[in-house]
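This report concerns only the one structure given below.
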Amino acid sequence: MPGLIGEDRFREVADAALNLEGVDGVEVLGIHEWSGLTRFANSEIHQSTASEDTGIRVRVVTDGRVGVVATNAFTPEGAAAAAGSAKELAEVAGPDPMWPGLAPAADHPRVDRFDEATASADPETRAEAVASLVGRCPPDAVAAGAYETRAAEVAIANTAGQRCWAPWTQATLTTVMSGAGGDGFAELTVGSIGEIDGEEIGDRAADKALRSRNPSPIDPGSYTVVLEPSATATIVGFLAWIGFAGREYIEGRSCFSGKAGEQVAAPTVSIWDDATDPGTIGVGFDFEGTPRRKVDLIRDGVFLDAVYDRRTARQRGSASGSTGHGLPPPNPEGPFPLNLCMATGDASLEEMIASTERGLLVTRFHYANVVNPIESTLTGMTRDGLFLIEGGEVTTPVRNLRFTQSTIGALKAVTMVGRDAELCSEFFFSASLVPALKIDEFHFSGASDH
31 MPGLIGEDRF REVADAALNL EGVDGVEVLG IHEWSGLTRF ANSEIHQSTA
81 SEDTGIRVRV VTDGRVGVVA TNAFTPEGAA AAAGSAKELA EVAGPDPMWP
131 GLAPAADHPR VDRFDEATAS ADPETRAEAV ASLVGRCPPD AVAAGAYETR
181 AAEVAIANTA GQRCWAPWTQ ATLTTVMSGA GGDGFAELTV GSIGEIDGEE
231 IGDRAADKAL RSRNPSPIDP GSYTVVLEPS ATATIVGFLA WIGFAGREYI
281 EGRSCFSGKA GEQVAAPTVS IWDDATDPGT IGVGFDFEGT PRRKVDLIRD
331 GVFLDAVYDR RTARQRGSAS GSTGHGLPPP NPEGPFPLNL CMATGDASLE
381 EMIASTERGL LVTRFHYANV VNPIESTLTG MTRDGLFLIE GGEVTTPVRN
431 LRFTQSTIGA LKAVTMVGRD AELCSEFFFS ASLVPALKID EFHFSGASDH
């Protein structure tokens with residue numbers, strides 16, 4: 031597998047772009063990432079791939095006009111050529127009256143997110159973990175899924191004097207076991223392959239696959255639900271976009287626009303973004319070079335604020351400036367949080383179930399989409415393990431349901447919060463650290479035939 035390019039080489043390449051003459055400012059963003067992926071189906075490995083990508087984005091500013099050029103020519107010559115092209119684009123672009131300037135020189139939090147064993151993991155290493163997982167599959171079922179190991183390094187350099195570089199790694203093992211009418215899901219996302227236990231993940235999926243067999247039909251409607259962390263992550267993760275994104279919030283398109291200081295969730299719900307939290311995967315600066323820090327978003331159920339990059343902070347007129355949530359340019363969407371964390375409580379999953387007279391245990395959601403962002407309404411399906419709870423016990427598997435539910439409404443109805451949190455990732459640069467939740471009222475709008 032490839033290895034780190036390193037801070038010195040990034041600076042050597044970036045300096046060739048920073049030396050551009052006749053402009054007001056230059057910024058160079060470099061990203062080098064590589065990964066290995068092992069896929070399996072029918073309890074057999076059928077694909078093993080590797081990929082690597084190295085690229086830079088050069089942003090040039092002149093007379094309030096901005097040009098951005100991306101290239102994979104990771105050489106001083108390539109960087110210089112990209113800077114020249116970006117200058118040409120800037121010269122014909124319209125003036126940007128909200129241009130906030132480049133990130134000034136500033137220290138950023140140093141976090142250790144790089145694991146050499148993960149960065150150098152080979153197909154044999156991943157195959158061993160997959161074999162352990164498949165070995166726990168029930169004899170009348172098959173396992174499918176993927177084991178991916180990823181590594182990256184990101185660097186920023188600009189003519190304002192800011193210099194940042196950091197590497198990190200991530201490993202995700204996921205599976206669904208299916209057979210005899212039952213499906214079971216399990217997944218683990220961590221920063222190091224040393225934390226991956228194929229047998230443990232296999233046992234979790236096998237248990238769900240066995241218990242979900244022969245599901246009974248159930249009518250849609252409003253139910254008390256116990257959401258496992260994977261399901262919680264869907265609910266919380268969508269708020270990164272429709273709730274906590276600075277541009278949407280400023281422009282009145284966020285479900286929290288105009289709600290600062292209001293109670294938007296149960297008092298037991300607190301959500302923040304913190305790339306430096308030991309349980310997350312992130313680095314101490316954003317893609318503009320602004321230092322990252324913990325940002326409280328909802329505290330004790332009260333909405334506080336959104337997150338901002340340099341541009342949206344200026345739009346808002348914020349004296350505190352960017353919160354460290356800039357994304358790679360050009361970025362018309364604006365900022366959103368990549369490392370959401372939700373406060374844990376004091377309940378176990380078993381205690382949540384035991385306190386439920388009648389409700390549903392939800393393993394995860396699938397194919398979730400936004401119905402109405404202002405109302406925070408989502409829709410999607412349950413998948414790979416939905417169970418009826420009666421009299422404080424899980425009694426029978428039931429067929430999947432479609433939900434149509436306001437996220438704010440769900441968070442207001444939270445009555446219990448799990449004591450353990452899991453990291454759930456939708457894509458490489460983003461993950462949410464969330465617990466299980468018990469929600470007293472959750473609306474299911476339709477039934478499924480499976």
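For the sequence shown, position 355 (counting from the first letter as 1) is numbered 385 according to this note's numbering, and the numbering increases by one without interruption. Heads up, the beta-carbon is just placed ideally off N, CA and C, and yes, glycines get one too.
1) Among Ala398, Val401, Val400, Glu380, whose alpha-carbon lies nearest the alpha-carbon of Leu391?
2) Answer yes if the stretch 336-349 comes into contact with the stretch 371-390, meaning at least three C-beta pairs across the two stretches below 8 Å, and no otherwise.
3) With DSSP as the reference, label Arg322 as helix, strand or coil.
4) Buried or exposed for Tyr253, please, with buried defined as at least 16 other CB atoms from any protein chain shown within 10 angstroms of its CB.
5) Could you pull the start and end residues of the beta strand (DSSP E) that Ala372 belongs to?
6) Taking all protein chains shown into account, decide if Ile86 is buried (16 or more other Cβ within 10 angstroms of its Cβ) or exposed.
7) Given a cut-off of 8 Å, decide if Thr412 and Leu418 are closer than it, judged by their beta-carbon atoms.
8) Beta-carbon separation of Glu229 and Ser150 under 8 Å?
9) Classify Asn102 as buried or exposed, calling it buried when 16 or more other Cβ atoms lie within 10 Å of its own Cβ.
10) Any contact of the stretch 242-250 with the stretch 207-223, i.e. 3+ C-beta pairs under 8 Å?
11) May I ask you to list the residues that DSSP assigns as paired with His396?
12) Using only alpha-carbon positions, find the residue among Pro403, Ala461, Val56, Glu387 that is nearest to Gly94.
13) Can you list, in chain order, the residues of its chain with a C-beta nearer than 7 Å to that of Gly389? Leave out the 5 residues immediately preceding and following it.
14) What residues match up with Asn402 in a beta bridge as DSSP calls it?
15) Which stretch, first to last residue, makes up the alpha helix (DSSP H) that contains Asp115?
16) Is the stretch 350-370 touching the stretch 399-411, taking contact as three or more C-beta pairs under 8 Å?
17) Taking C-beta to C-beta, are Val184 and Gly364 nearer than 8 Å?
18) Do three or more CB pairs link the stretch 442-462 to the stretch 288-306 at distances below 8 Å?
19) Go to Pro32, then tell me how far its alpha helix (DSSP H) extends in each direction, as first and last residue.
20) Determine the closest residue to Asn188 out of Val88, Ser81, Arg323, with distance taken between C-alpha atoms.
21) Can you name, in chain order, every residue of its own chain whose Cβ lies under 8 Å from the Cβ of Ala47, other than the five neighbours on each side?
22) Counting contacts by CB-CB distance shorter than 8 Å, is Pro427 in contact with chain B?
23) Whole angstroms are fine: how far does the CA of Pro106 sit from the CA of Asn49?
24) So, for Gly33: in the same chain, excluding its five sequence neighbours on each side, which residues have a beta-carbon less than 8 Å away from its beta-carbon?
25) Let me check understanding here. Comparing Cα to Cα, which of Ala120, Ile404, Lys468 lies closest to Tyr279?
26) Need the endpoints of the alpha helix (DSSP H) that Ala270 sits in, please.
27) Ignore the nearest five residues each way along the sequence and tell me which others in Ala305's own chain have a CB closer than 6 Å to its CB.
28) Would Ala135 and Ser73 be called neighbours here (beta carbons separated by less than 8 Å)?
29) Please classify Asp316: is it buried, with 16 or more other beta-carbons within 10 angstroms of its beta-carbon, or exposed?
Considering the structure as presented:
1) Taking the sequence shown and counting its residues from 1, one reaches residue 391 at position 361. Among Ala398, Val401, Val400, Glu380, the Cα nearest to that of Leu391 belongs to Glu380.
2) Verdict: no, contact absent.
3) As a working mapping, residue 322 is identified with position 292 in the sequence shown. Taken through DSSP and simplified to helix, strand or coil, Arg322 comes out as coil.
4) Residue mapping note: residue 253 aligns to position 223 of the sequence shown, counting from 1. The residue is buried, with at least 16 neighbouring Cβ atoms inside 10 Å.
5) For the purposes of this step, residue 372 is taken as the residue at position 342 of the sequence shown. The sequence shown places Met at residue 372, rather than the Ala named in the question. Looking at the DSSP string, the run of the beta strand (DSSP E) that includes Met372 is 369-372.
6) The count along the sequence shown starts at 1 and reaches residue 86 at position 56. Residue burial is scored here from C-beta neighbours: Ile86 has at least 16 other C-beta atoms within 10 angstroms and is therefore classed as buried.
7) Counted from its first residue, the sequence shown places residue 418 at position 388. Counted from its first residue, the sequence shown places residue 412 at position 382. Going by C-beta atoms, Leu418 is not nearer than 8 Å to Thr412.
8) As a first step, residue 229 is located in the sequence shown; it is residue number 199 there, counting from the start. As a first step, residue 150 is located in the sequence shown; it is residue number 120 there, counting from the start. For the pair Glu229 and Ser150, the CB atoms are not nearer than the 8 Å cut-off.
9) Within the sequence shown, residue 102 is the residue found at index 72, counting from 1. Around the beta carbon of Asn102, fewer than 16 other beta carbons lie within 10 angstroms, which makes this residue exposed.
10) Contact between the stretch 242-250 and the stretch 207-223 is present, with at least three C-beta pairs closer than 8 Å.
11) As a first step, residue 396 is located in the sequence shown; it is residue number 366 there, counting from the start. Beta-bridge annotation (DSSP): His396 is paired with Met411.
12) Here residue 94 corresponds to residue number 64 of the sequence shown, with the count starting at 1. Closest by alpha carbon: Val56.
13) Stepping through the sequence shown from its first residue, residue 389 is reached at position 359. Excluding sequence positions up to five before and after Gly389, its CB lies within less than 7 Å of the CB of Tyr253, Thr254, Val255, Val256, Ile419, all in the same chain and listed in chain order.
14) On the sequence shown, position 372 is the one that residue 402 refers to. Looking at the DSSP output, Asn402 sits in a beta bridge with Thr407.
15) Within the sequence shown, the letter at position 85 stands for residue 115. Inspection of the sequence shows that residue 115 is occupied by Ser rather than by Asp. Residues 106-122.
16) Here the stretch 350-370 makes no contact with the stretch 399-411; the two share fewer than three CB pairs at distances below 8 Å.
17) By one-based count along the sequence shown, residue 184 stands at place 154. By one-based count along the sequence shown, residue 364 stands at place 334. Not in contact: Val184 and Gly364 (Cβ atoms no closer than 8 Å).
18) Counting C-beta pairs with one atom in each stretch, the stretch 442-462 and the stretch 288-306 have three or more that are closer than 8 Å, which means they touch.
19) The residue you call residue 32 lines up with position 2 of the sequence shown. The continuous stretches of alpha helix (DSSP H) do not include Pro32, and DSSP gives it neither H nor E.
20) As a first step, residue 188 is located in the sequence shown; it is residue number 158 there, counting from the start. Comparing Cα positions, the closest option is Val88.
21) For the purposes of this step, residue 47 is taken as residue 17 along the sequence shown, with counting starting at 1. Setting aside the 5 residues that flank it on each side, Ala47 is surrounded in the same chain by Val56, Val58, Ile86, Val88, Ala109, Ala110, Ala112, Ala113, each with a C-beta closer than 8 Å to its C-beta; the list follows chain order.
22) Within the model displayed, chain B is absent; a lone protein chain is all it includes.
23) One-based indexing of the sequence shown puts residue 49 at position 19. One-based indexing of the sequence shown puts residue 106 at position 76. Between Asn49 and Pro106, the C-alpha separation is close to 11 Å.
24) Taking the first residue of the sequence shown as 1, we reach residue 33 at position 3. Correct list, in chain order: Ala149, Ser150.
25) One-based indexing of the sequence shown puts residue 279 at position 249. Check the Cα spacing between Tyr279 and each of Ala120, Ile404, Lys468: the tightest is with Ile404.
26) In the sequence shown, residue 270 corresponds to position 240, counting from 1. Taken as a continuous stretch (DSSP letters only), the alpha helix (DSSP H) holding Ala270 covers 259-272.
27) Residue numbering aside, residue 305 sits at position 275 when the sequence shown is read from its first letter. Gly312, Arg322, Asn369.
28) The sequence position of residue 135 within the sequence shown is 105, counting from 1. The sequence position of residue 73 within the sequence shown is 43, counting from 1. No, they are not a contact pair.
29) The count along the sequence shown starts at 1 and reaches residue 316 at position 286. By the 16-neighbour rule on beta-carbons within 10 angstroms, Asp316 is buried.
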